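To convert, note that position 13 of the sequence shown is 50 in this note's numbering; the numbers rise steadily by one, no gaps. All C-beta atoms, glycine included, are put in the ideal place defined by N, C-alpha and C. These figures come from a predicted structure and were not determined experimentally.
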Amino acid sequence: MKKHDLSVIGSFNMDMRSTYLDTELMLVIRSKDINKQLEESMVEYERVSRQVLEDGTYRDPYHVEPIELTKKRQRKIFLVQHLLGWARYLF
């Protein structure tokens with residue numbers, strides 16, 4: 038059975054360090070009215086957000102052009118990920 042009276046508000050960083058050391062803060066509210074208000078707000082956020090389509094292109098209501106990574110920056114990212122990846126949850 039799906040409940041429509043429970044809302045969870047908070048933040049959670051999706052990285053290993055946060056998972057193990059700092060899971061942030063969450064607020065749980067049981068209220069159908071608040072749940073409905075939050076759902077309406079999220080629908081509006083999604084409506085005006087930049088979305089990745091199935092073919093990998095973007096639906097962008099603001100026509101923002103992404104900045105491409107230079108080869109030098111790509112190499113730096115690769116090196117950091119592969120040389121320091123083992124310690125990612127320590128930083």
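Exercise for the section: Identify whether L43 lies in helix, strand or coil by the three-state DSSP scheme. Expected result: Taking the first residue of the sequence shown as 1, we reach residue 43 at position 6. Residue state, collapsed to three classes: strand.
Problem - Identity of the residue in L90, T94 and R54 nearest L127 by Cα - result: The sequence position of residue 127 within the sequence shown is 90, counting from 1. Among L90, T94 and R54, the Cα nearest to that of L127 is on R54.
Handout entry: Rounded distance between the beta-carbons of V85 and P98, thought under 8 Å
Key = The count along the sequence shown starts at 1 and reaches residue 98 at position 61. The count along the sequence shown starts at 1 and reaches residue 85 at position 48. The Cβ separation is near 6 Å, so the contact holds.
Handout entry: Other residues of its chain near I46: CB distance less than 6 Å, five sequence neighbours each side excluded
Key = As a position in the sequence shown, residue 46 is number 9, starting the count at 1. The answer, listed in chain order, is L64.
Problem - Local conformation of M67 per DSSP, three classes - result: Along the sequence shown, read from residue 1 onward, the residue named residue 67 stands at position 30. Strictly speaking, residue 67 in this sequence is Arg, with Met absent from that position. R67: strand per DSSP, three-state reduction.
Exercise for the section: Kindly say whether E91, judged by its beta-carbon, lies nearer than 8 Å to any beta-carbon of chain C. Expected result: The structure shown contains no chain C; it is built from a single protein chain.
Exercise for the section: For V117, name the three-state secondary structure that DSSP assigns. Expected result: Position 80 of the sequence shown, counted from the start, is the residue given in the question as residue 117. Of the three classes helix, strand and coil, the one that applies to V117 here is helix, per DSSP.
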